[in-house]
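Take the sequence shown: its position 30, counting from 1, is numbered 30 in full-length UniProt numbering, and each next residue is one higher.
Don't be surprised by glycine CBs; every beta carbon is placed ideally from N, CA and C.
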Amino acid sequence: MTRSFIYDAVRSPFGRYGKGLAEVRPDDLAAHTLSSLLARHPGLDPVLIDEILLGAANQAGEDNRNVARMTALLAGLPTSVTGATVNRLCGSGMESVIQASRAVESGDASLVVAGGVESMSRAPWVLPKPARGYPAGNETLHSTTLGWRLTNPRMPAQWTVGLGETAEMLADRFAISREEQDAFALRSHRLAAAAWDAGIYDDEVAAVPGTSVTRDEGVRAESTPEALAGLKPAFRPQGSVTAGNSSPLNDGASMLFVGGERTALGIDPLARIIGRGVAGNNPDEFGIAPVEAANRALARAGKSWADVDVLEINEAFASQALACLRLWPEFDPEKANIHGGAIAIGHPLGASGGRIIGHLAHELARRGGGVGVAAICIGVGQGLAVVLER
Numbered sequence: 001m002t003r004s005f006i007y008d009a010v011r012s013p014f015g016r017y018g019k020g021l022a023e024v025r026p027d028d029l030a031a032h033t034l035s036s037l038l039a040r041h042p043g044l045d046p047v048l049i050d051e052i053l054l055g056a057a058n059q060a061g062e063d064n065r066n067v068a069r070m071t072a073l074l075a076g077l078p079t080s081v082t083g084a085t086v087n088r089l090c091g092s093g094m095e096s097v098i099q100a101s102r103a104v105e106s107g108d109a110s111l112v113v114a115g116g117v118e119s120m121s122r123a124p125w126v127l128p129k130p131a132r133g134y135p136a137g138n139e140t141l142h143s144t145t146l147g148w149r150l151t152n153p154r155m156p157a158q159w160t161v162g163l164g165e166t167a168e169m170l171a172d173r174f175a176i177s178r179e180e181q182d183a184f185a186l187r188s189h190r191l192a193a194a195a196w197d198a199g200i201y202d203d204e205v206a207a208v209p210g211t212s213v214t215r216d217e218g219v220r221a222e223s224t225p226e227a228l229a230g231l232k233p234a235f236r237p238q239g240s241v242t243a244g245n246s247s248p249l250n251d252g253a254s255m256l257f258v259g260g261e262r263t264a265l266g267i268d269p270l271a272r273i274i275g276r277g278v279a280g281n282n283p284d285e286f287g288i289a290p291v292e293a294a295n296r297a298l299a300r301a302g303k304s305w306a307d308v309d310v311l312e313i314n315e316a317f318a319s320q321a322l323a324c325l326r327l328w329p330e331f332d333p334e335k336a337n338i339h340g341g342a343i344a345i346g347h348p349l350g351a352s353g354g355r356i357i358g359h360l361a362h363e364l365a366r367r368g369g370g371v372g373v374a375a376i377c378i379g380v381g382q383g384l385a386v387v388l389e390r
């Protein structure tokens, strides 16, 4: 079997819900980001791309009917370039990279575009069909923006609590204070703002034509401990989880080139994929599922946490990320999300996995070597992780 590598990665800026990217359809958002990736490699004949694999967590609106195939067509790729859409909720973008790496390693492909897209602003309302004809009563529209909807009544109630409540449960279980959560959120904003100011993201982010968004809209360089402390709890009257220490709702897309040891790109890779891991747990404990996923990925890579130079963990909630870090006691938390995380940058569900893997690959390239882990929690009780090495 051949080895698999990340060759390049680019993403859109992440827009806030209802703001700068809300007028852009998700299939257009993905197509623009794919076009930006291709424009960085003008010598590549696109017919040599074996597959487009994209993650999308919703797929109930304009991202319906296989948004990966739609993206390839809208970006002007030859119709011979196929596309498939994968859904592992928040882990969809990472799942696409994992599937791409498996295709490369098995010899089924030599060059794959992987990534993901989500427009949470444009997620539709859905109206189920009535069980019987000619209903006389009112019907209910369900938002598909985030979380449980149209839930099967046979599912245990404990498993279907809201996402924010699960973050409160982790804060209770691991005794994570409001002050710790707010400090973690403030760190995310300050590191992301500093990274943008230092030009770290300049080569990783491509603006979307027709919009004025050039940076991630959620980053608040001016945030203060006092401002965060003044926010009311969002999910429990006396809780500790707030809008300020949770990831926001976002729109965005991410794209990566995944290939074998030799590709039509004719460039050196950023990093090699050396380990993958997936883990499941109780749905109401999904926030700590990345712990076992990352442990498994490291074991398969023949590495330990002592070998890890940098970690990208998706910050769904501060309490969730802090709980994971506590369960990796041998790892220095200051090596995590060194350029900010999802609390500041944003979490467009299908795109986030591609963002954190792409940024990790670019960071290892900037360092000239090292080992990195990308990990993400997934609603309904799953976690994913990928280990990269350069």
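What does DSSP give as the partner residues of residue i in its beta bridges?
i    : result
P233 : T242
F14  : Answer by DSSP bridge pairing: none, since F14 is not bridged.
T82  : E51
V387 : G275 and V373
H142 : V126
C90  : R88
G280 : Q382
V205 : R11
W4   : One point to set straight first is that residue 4 is Ser, not Trp, in the sequence displayed. DSSP output for S4 lists I273 as bridge partner(s).
A336 : L311
Does the distance from the CB of residue i to the CB of residue j come in under 8 Å?
i    : j    : result
I338 : V371 : no
A9   : L163 : no
P46  : L77  : yes
D197 : P348 : no
S12  : A323 : no
I6   : A253 : no
A56  : G266 : no
I343 : S188 : yes
Y17  : S101 : no
P26  : E118 : yes
L37  : L29  : no
Q320 : A185 : no
H359 : E315 : no
L146 : L249 : yes
L150 : P130 : no
C90  : I357 : no
F235 : E165 : yes
A306 : E330 : yes
G115 : G354 : yes
V308 : V373 : yes
D182 : A221 : no
L34  : V113 : yes
For the beta strand (DSSP E) containing residue i, name the first residue and the last one.
i    : result
M255 : N250 to G259
E312 : V310 to I313
A114 : L111 to S119
Between which two residues does the alpha helix (DSSP H) containing residue i stretch?
i           : result
S35         : P26 to A39
W305        : Looking at the DSSP string, W305 is not in any alpha helix (DSSP H), and its letter there is neither H nor E.
residue 391 : The question about residue 391 has no answer, for the chain in this structure spans 1 to 390.
V67         : V67 to L74
A136        : Unbroken run through A136: none, as it is neither H nor E.
L163        : L163 to R173
S319        : A318 to R326
L265        : Premise fails: L265 is in no alpha helix (DSSP H) and is neither H nor E.
A361        : L349 to R367
A344        : A342 to I345
Is any non-hydrogen atom of the ligand SAM found closer than 7 Å to the C-beta of residue i, if you look at the structure I gave you?
i    : result
H347 : Although the ligand SAM was asked about, the structure shown includes no ligands whatsoever.
Who are the Cβ neighbours of residue i in its own chain at under 7 Å, not counting the five residues just before and after it?
i    : result
A195 : Y201, H339 and G340
S110 : D50, V104, G259, G260 and T263
V86  : L53, G55, S92, E95, S96 and Q99
R173 : none
I345 : F14, A192, D216, G218 and V219
E389 : A271, R272, I274 and V371
N58  : E118, A123 and T144
T211 : G20, L21 and V24
S161 : Reading off the sequence shown, one finds Val at residue 161, where the question assumed Ser. Excluding positions up to five away in sequence, the list reads D284.
A336 : L311, I313 and L325
For residue i, I'd like the list of residues in its chain whose CB is within less than 6 Å of its CB, leaving aside the five on either flank, ordered along the chain.
i    : result
A84  : L53 and A68
N281 : A289 and G381
A171 : S240 and S319
T82  : E51
N66  : T85
In chain order, what residues of the same chain have a beta carbon less than 8 Å from the beta carbon of residue i, not counting five sequence neighbours either side?
i   : result
T2  : V104, E105, G107, G260 and E261
A60 : A123, P124, V126 and T144
R40 : D8 and V10
Next item on the list: Give a yes or no on contact between the segment 350-366 and the segment 213-226, applying the rule of three or more CB pairs nearer than 8 Å.
Entry: no
Item checked: At least three beta-carbon pairs within less than 8 Å, the segment 240-249 to the segment 71-87 -> no
Next item on the list: Would you check if the segment 369-389 and the segment 296-304 touch, i.e. whether three or more CB-CB distances between them fall below 8 Å?
Entry: yes
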